[in-house]
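Since the structure comes first, as structure tokens, the remarks are kept for the end.
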Amino acid sequence: MANLPISQYEEKIVETVDKNPVVVLIGETGSGKSTQLSQMLRRRGYTKSGVIGVTQPRRVAAVSVARRVAYELGVQLGEEVGYAIRFEDRTSENTRIKYLTDGVLLRESLSNPELNQYSVIILDEAHERSLNTDILLGLMKRLIKIRSSNLKVLVTSATLDGDKVSKFFSDCPILTIPGKLYPVEILYSKERPSNYVESATKTALDIHVKEPEGDILIFATGQDDIEKLVSNLEDKVRAFEEGSCMDAIILPLHGSLPPELQVRVFSPPPPNCRRIIVATNIAETSLTVDGVVYVIDSGYVKQRQYNPSTGMYSLDIVQISKVQANQRAGRAGRTRPGTCYRLYPSRVYHDEFLDVTVPEIQRSSLAGSVLYLKSLNLPDIDILKFDFLDPPSFESLQDALKQLYLIDAIDEDGAITSIGQKMAELPLEPSLSRTLMEANNYGCISQALTVAAMLSAETTLLSVQSSKTEKKRKHNMSNLPDGSGLGDHIQLLQIYECWDQTDYDIGWCKDNNLKVRGMLFVKDVRKQLAQIMQKISKVPLDVQANGTVEEFHRGYRNLRKALCVGYANQLAERKLHHNGYRTLGFKSQVVQVHPSSVLRQDELGKFPDYVVYHELIATPRPCMRNVCAVEMRWVVPIINKLKTLDVHKLSGGIGDIEEEPEGKLPDLAKKDVDIPGVPDDRESRIQAARERFLARKAKK
DNA sequence: AAGCTCGCA
Numbered sequence: 006m007a008n009l010p011i012s013q014y015e016e017k018i019v020e021t022v023d024k025n026p027v028v029v030l031i032g033e034t035g036s037g038k039s040t041q042l043s044q045m046l047r048r049r050g051y052t053k054s055g056v057i058g059v060t061q062p063r064r065v066a067a068v069s070v071a072r073r074v075a076y077e078l079g080v081q082l083g084e085e086v087g088y089a090i091r092f093e094d095r096t097s098e099n100t101r102i103k104y105l106t107d108g109v110l111l112r113e114s115l116s117n118p119e120l121n122q123y124s125v126i127i128l129d130e131a132h133e134r135s136l137n138t139d140i141l142l143g144l145m146k147r148l149i150k151i152r153s154s155n156l157k158v159l160v161t162s163a164t165l166d167g168d169k170v171s172k173f174f175s176d177c178p179i180l181t182i183p184g185k186l187y188p189v190e191i192l193y194s195k196e197r198p199s200n201y202v203e204s205a206t207k208t209a210l211d212i213h214v215k216e217p218e219g220d221i222l223i224f225a226t227g228q229d230d231i232e233k234l235v236s237n238l239e240d241k242v243r244a245f246e247e248g249s250c251m252d253a254i255i256l257p258l259h260g261s262l263p264p265e266l267q268v269r270v271f272s273p274p275p276p277n278c279r280r281i282i283v284a285t286n287i288a289e290t291s292l293t294v295d296g297v298v299y300v301i302d303s304g305y306v307k308q309r310q311y312n313p314s315t316g317m318y319s320l321d322i323v324q325i326s327k328v329q330a331n332q333r334a335g336r337a338g339r340t341r342p343g344t345c346y347r348l349y350p351s352r353v354y355h356d357e358f359l360d361v362t363v364p365e366i367q368r369s370s371l372a373g374s375v376l377y378l379k380s381l382n383l384p385d386i387d388i389l390k391f392d393f394l395d396p397p398s399f400e401s402l403q404d405a406l407k408q409l410y411l412i413d414a415i416d417e418d419g420a421i422t423s424i425g426q427k428m429a430e431l432p433l434e435p436s437l438s439r440t441l442m443e444a445n446n447y448g449c450i451s452q453a454l455t456v457a458a459m460l461s462a463e464t465t466l467l468s469v470q471s472s473k474t475e476k477k478r479k480h481n482m483s484n485l486p487d488g489s490g491l492g493d494h495i496q497l498l499q500i501y502e503c504w505d506q507t508d509y510d511i512g513w514c515k516d517n518n519l520k521v522r523g524m525l526f527v528k529d530v531r532k533q534l535a536q537i538m539q540k541i542s543k544v545p546l547d548v549q550a551n552g553t554v555e556e557f558h559r560g561y562r563n564l565r566k567a568l569c570v571g572y573a574n575q576l577a578e579r580k581l582h583h584n585g586y587r588t589l590g591f592k593s594q595v596v597q598v599h600p601s602s603v604l605r606q607d608e609l610g611k612f613p614d615y616v617v618y619h620e621l622i623a624t625p626r627p628c629m630r631n632v633c634a635v636e637m638r639w640v641v642p643i644i645n646k647l648k649t650l651d652v653h654k655l656s657g658g659i660g661d662i663e664e665e666p667e668g669k670l671p672d673l674a675k676k677d678v679d680i681p682g683v684p685d686d687r688e689s690r691i692q693a694a695r696e697r698f699l700a701r702k703a704k705k
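Right, here's the structure in full:
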């Protein structure tokens, strides 16, 4: 403890905190800030007037740091020192130092916007700039004005970001605490390689043959590249002559790797053997691999971005920021002096790399965040003028308002509705919380809870297969239900119901190629959502997950109807003569049903006229992922609402500038409905549907 | 016929 670099700064730190409402702390890796700041402020007496809250961007970090601090103070975890993460609150009335994820702190401020129990709030790792951290930064700026007499805020950040954060908080003081890293020599390539996988392979082999012992860590962009690198390296290493150099083991490391394979990187190598770890950015912050002396940095990362005008997500390979590059390099200096091989010239680093990573708030759909801020009902805060460290684009905020309006969370003037107020209580995307509210009226709340919970974990449900093994797809997975042809939401519901009937048997998950952890997570989420819904509705709800054959025969109509209301902004209409769809809520685009979907075509090979989708993804051919068949009569009110949409009014007339000649949302929404020269076949479709209905009735 | 960087309530 005493040998941590931060210890000798204690006097300086507590004095600065005493005198200033906000302090920015630049704490380099290994400075001990996460464990020591809270203890210093406790010694200074800050726990007498309240709790010291320390946020972490990750759950594991919150738990492990809390455990460490409890140990250092010699107290039992959950007593004076505790933590709170989703599904797990290990705090008590005696808790004075509380580690929590930033998401949990946001939830707390929903019920207590002034966060009165806290005397100090430390936003740790703020330089990672998660969506939640950015919202908290904005809220803190307001809070220190309101609670100027009894709240201290500390923000820890990175070297390149400190000035900006300080400026944001009226030029508050910045303290820099050195870290405990060994020096890392940086080597640049002369040029950017045309193929970084090849170049990384060569560099790694070169190090392996020529350099002294020490593990190598390669930063790649994704699973595919990692698998390529691993197999390249294995081939080459095997080809070396016996005894010509030491042995090497090559380990992949990425998020979709099952945990038991991830932990392999924590066991040390056998003697006279070098480890080569090929990782995504998971090894930048989330996982720390000991023994790394050489880092090979591709300079790239995969980043998810949201386009507010199309409503589409894309996963792009982009250049990393300087902060990321330095973070990667630092991974070579944890045990002894190391070297970082950057597969790009220093000119690229200096001239092309951004200082800091584009914050998530500028890359995401903001519907949830805007609803959250509106639900706080802060009299002095107008969401469009909300003071963000890096404000999102106006377009993105307007998109959020439009989405919220279409699902009745805000009214035409942009004010939050009573439905919206309830929706904000649910830890879900607005479309799903709206679905739950509606399902409550239609008597299908139990099923809607299941769907919402399943979608919350969707990407973590299917077990990963290596690209070499035969790929199993959703629809030919032997025993799993197929959504009765109505789409993926219904399939997710049916899968969970099957599992429920096995009494949550873990073996059943394995047999059906479902990740056990994912399914258990779904069960937890479902339980949490059910509790919140119970609280909101005040009438006893039947939330048992028991599927009925009856529902199956009714075609899950109520549930699909509820989904249609919740996903009003994610609606698509089939093109007249083929199975492509065009989106209705956003700029009209042609999109396909994702090939993995279980949505079924009719006898004529046609998909349903209307579907709602969970997500649009910008692959070479834009796709709707997770679709659900809906009926036209449910769609009509949405289309009517789209016609009345007035984004200018929603945003209180702000930004009402005639700057965009075309592409404004209301016009497009209308255009979607009547495209000049294109016959509107809606009426004929209604007629056809009527006829089909009558024909079926006649048969019976 | 397409693709899963990383996190969080």
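Here the first sequence is numbered in this note's numbering, starting from 6 and rising by one per residue.
C-beta: ideal position from N, C-alpha, C; glycine also.
message: Is it buried or exposed, S199, if we count other Cβ atoms within 10 angstroms and call 16 or more buried?
response: Counting from 1 along the first sequence, the entry for residue 199 is found at position 194. That one is exposed.
ask   = When the Cα of L406 is compared with those of S423, L394, D392, I388, which residue comes out closest?
value = Mapped onto the first sequence, residue 406 falls at position 401. Across the set S423, L394, D392, I388, the C-alpha of I388 shows the shortest separation from the C-alpha of L406.
Spell out a yes or no on whether the stretch 485-494 and the stretch 509-516 are touching, meaning 3 or more CB-CB pairs, one atom from each, closer than 8 angstroms.
Contact annotation: the stretch 485-494 does not touch the stretch 509-516, with fewer than three C-beta pairs closer than 8 angstroms.
If I measure Cβ to Cβ from G316 and keep anything under 6 angstroms in the same chain, skipping five residues before and after, which residues do I get? Numbered from its first residue, the first sequence carries residue 316 at position 311. Apart from the 5 residues on each side of it in sequence, G316 sits with its Cβ closer than 6 angstroms to the Cβ of F591, L621 in its chain, given in chain order.
For Q606, which residues of its own chain have a beta-carbon under 6 angstroms away from its beta-carbon, when the five flanking residues on both sides are left out?
On the first sequence, residue 606 is found 601 positions in, with the first residue counted as 1. The answer, listed in chain order, is F612.
Review point. How should S154 be labelled, buried or exposed, when 16 other C-beta atoms within 10 angstroms of its C-beta is the threshold for buried?
Key: Mapped onto the first sequence, residue 154 falls at position 149. By the 10 Å Cβ count, S154 comes out exposed.
Please report how far the alpha carbon of V595 lies from the alpha carbon of L609, in whole angstroms.
Taking the first residue of the first sequence as 1, we reach residue 595 at position 590. Taking the first residue of the first sequence as 1, we reach residue 609 at position 604. A direct Cα-Cα distance of roughly 21 angstroms separates V595 from L609.
### Task
Report the three-state DSSP secondary structure of R49 (helix, strand or coil).
Against the first sequence, residue 49 aligns to sequence position 44. Coil.
Looking at C-beta atoms only, is the number of pairs between the stretch 421-440 and the stretch 388-398 that lie closer than 8 angstroms three or more? Verdict: no, contact absent.
Does the stretch 408-424 touch the stretch 639-655, meaning 3 or more C-beta pairs lie closer than 8 angstroms? In short, these stretches touch, since the Cβ pair count reaches three.
| Simplified DSSP assignment, three categories, for P257 | For the purposes of this step, residue 257 is taken as residue 252 along the first sequence, with counting starting at 1. Here P257 sits in strand by DSSP.
Checklist entry - Just how far apart, CA to CA, sit Y104 and L381? => result Locating residue 104 in the first sequence gives position 99, counting from the first residue. Locating residue 381 in the first sequence gives position 376, counting from the first residue. When rounded, the distance between both Cα atoms is 23 angstroms.
field: Supposed contact pair L159 and V28 - C-beta distance, whole angstroms, cut 8 angstroms
entry: On the first sequence, position 23 is the one that residue 28 refers to. On the first sequence, position 154 is the one that residue 159 refers to. V28 to L159, Cβ: 5 angstroms. Contact.
Where P350 and I421 are concerned, what is the direct C-alpha to C-alpha distance, given to the nearest angstrom? Locating residue 350 in the first sequence gives position 345, counting from the first residue. Locating residue 421 in the first sequence gives position 416, counting from the first residue. Approximately 51 angstroms between the Cα atoms of the pair.
Exercise. Go ahead and label N584 buried or exposed: buried means 16 or more other beta carbons lie within 10 angstroms of its beta carbon, across all protein chains shown.
Key: Position 579 of the first sequence, counted from the start, is the residue given in the question as residue 584. Looking at its Cβ environment, which holds fewer than 16 other Cβ atoms inside 10 Å, N584 is exposed.
Self-check item: Y187 - DSSP class collapsed to helix/strand/coil
Solution: As a working note, residue 187 is residue 182 in the first sequence. Note: Y187 maps to coil in three-state DSSP.
Taking S580 as part of the beta strand (DSSP E), name the residues at either end of that continuous run. For the purposes of this step, residue 580 is identified with residue 575 of the first sequence, where counting begins at 1. Sequence check: residue 580 is Lys here, not Ser. Counting along the chain, K580 falls outside any beta strand (DSSP E), and DSSP gives it neither H nor E.
Inter-residue spacing [alpha-carbon to alpha-carbon] between Y299 and L30 | Walking along the first sequence from the start, residue 299 turns up at place 294. Walking along the first sequence from the start, residue 30 turns up at place 25. Using only the alpha carbons, I get a separation of about 29 angstroms.
*Please name the residue or residues paired with R587 in a DSSP beta bridge.*
Taking the first residue of the first sequence as 1, we reach residue 587 at position 582. Within the DSSP secondary-structure output, R587 pairs in a beta bridge with E578, V595.
Next on the checklist: I'd like to confirm the pairing. Which residues does DSSP put opposite V616 in its beta bridges?
Outcome noted: Taking the first sequence and counting its residues from 1, the one referred to as residue 616 is at position 611. Per DSSP, the beta-bridge partners of V616 are A577, A634.
Report, in whole angstroms, the separation of the C-beta atoms of L165 and Y346, which I expect to be a contact under 8 angstroms. Taking the first residue of the first sequence as position 1, residue 165 is located at position 160. Taking the first residue of the first sequence as position 1, residue 346 is located at position 341. Contact between L165 and Y346 fails: their C-beta atoms lie close to 22 angstroms from each other, not under 8 angstroms.
Give every residue of the same chain whose Cβ lies closer than 7 angstroms to the Cβ of K479, excluding the five residues on either side of it in the sequence, and list them in chain order.
Translated into positions along the first sequence, residue 479 becomes position 474. Here K479 scores only 42 on pLDDT, less than 50, and its place in the model should not be relied on; the value that follows carries that caveat. Hits under 7 angstroms: S601, V603.
(message) Helix, strand or coil, according to DSSP, for A567 in the structure here?
(response) Translated into the one-based positions of the first sequence, residue 567 becomes position 562. Helix, per DSSP.
Let me confirm a value: P666 is counted as buried when at least 16 other C-beta atoms fall within 10 Å, else exposed. Which label applies?
Numbered from 1 along the first sequence, position 661 holds the residue referred to as residue 666. With a pLDDT of 39 at P666, under the threshold of 50, the modelled position of this residue cannot be trusted, and the question is left open.
Below 8 angstroms on the Cβ atoms is my guess for I57 versus R101; work out the distance and round it to an integer in Å. Counted from its first residue, the first sequence places residue 57 at position 52. Counted from its first residue, the first sequence places residue 101 at position 96. I57 to R101, Cβ: 7 angstroms. Contact.
Notebook entry, point to check: By how many angstroms is the C-alpha of R352 removed from the C-alpha of S171?
Noted result: Reading the first sequence from its first residue, position 166 is the one you call residue 171. Reading the first sequence from its first residue, position 347 is the one you call residue 352. The alpha-carbon atoms of S171 and R352 are separated by roughly 29 angstroms.
Taking only runs that begin and end inside the stretch 209-292, name each unbroken beta strand (DSSP E) of 3 or more residues, in chain order.
-> With a minimum length of 3 residues, the continuous beta strand (DSSP E) runs that stay inside the stretch 209-292 are 220-224, 252-258, 278-284.
DSSP three-state assignment for V325, whether helix, strand or coil: The residue you call residue 325 lines up with position 320 of the first sequence. Note on identity: in this sequence residue 325 is Ile, with Val being the wrong assignment. Coil at I325, not helix or strand.
| said: Can you find the residues in the same chain that come closer than 7 angstroms, C-beta to C-beta, to C278, ignoring five residues on each side of it along the sequence? | reply: Numbered from 1 along the first sequence, position 273 holds the residue referred to as residue 278. Close CB contacts of C278 within its chain, under the 7 angstroms cut and outside five residues either way in sequence, are with M251, D252, A253, I254 (chain order).
Original post:
To the nearest whole angstrom, what separates the beta carbons of A89 and V74, a pair I think is in contact under 8 angstroms?
Top reply: For the purposes of this step, residue 89 is taken as residue 84 along the first sequence, with counting starting at 1. For the purposes of this step, residue 74 is taken as residue 69 along the first sequence, with counting starting at 1. The pair is not a contact, with the Cβ atoms about 14 angstroms apart (cut-off 8 angstroms).
Return the residue from the list S369, Q536, A458 that minimises the CA-CA distance to V527. In the first sequence, the residue the question calls residue 527 occupies position 522. Considering only alpha carbons, the answer is A458.
Note down, in chain order, each residue of its chain lying with its Cβ closer than 6 angstroms to the Cβ of I322, except the 5 sequence neighbours on either side. Counted from its first residue, the first sequence places residue 322 at position 317. T226, Y305, K307, listed in sequence order.
What's the C-alpha gap between V678 and D614? As a working mapping, residue 678 is identified with position 673 in the first sequence. As a working mapping, residue 614 is identified with position 609 in the first sequence. Confidence at V678 is low in this model, with a pLDDT of 36, below 50, so its placement is unreliable and the value that follows should be read with caution. D614 has its alpha-carbon roughly 14 angstroms from the corresponding atom of V678.
- Message: Counting C-beta neighbours from all protein chains within 10 Å, is the total for T474 16 or more, i.e. buried, or is it exposed?
- Response: One-based indexing of the first sequence puts residue 474 at position 469. Confidence at T474 is low in this model, with a pLDDT of 41, below 50, so the placement of that residue should be treated as unreliable; the coordinate-derived value is given next. Taking all protein chains shown into account, T474 has fewer than 16 neighbouring C-beta atoms within 10 Å of its C-beta and is therefore exposed.
| Can you tell me whether N117 is buried or exposed, with buried defined as 16 or more other CB within 10 angstroms of its CB? | Position 112 of the first sequence, counted from the start, is the residue given in the question as residue 117. Classification for N117: exposed.
For Y377, count neighbouring Cβ atoms within 10 angstroms of its own Cβ and tell me buried if that reaches 16, exposed if not. Counting from 1 along the first sequence, the entry for residue 377 is found at position 372. Burial is judged here by how many other beta carbons sit within 10 angstroms of a residue's own beta carbon; Y377 has at least 16 and is buried.
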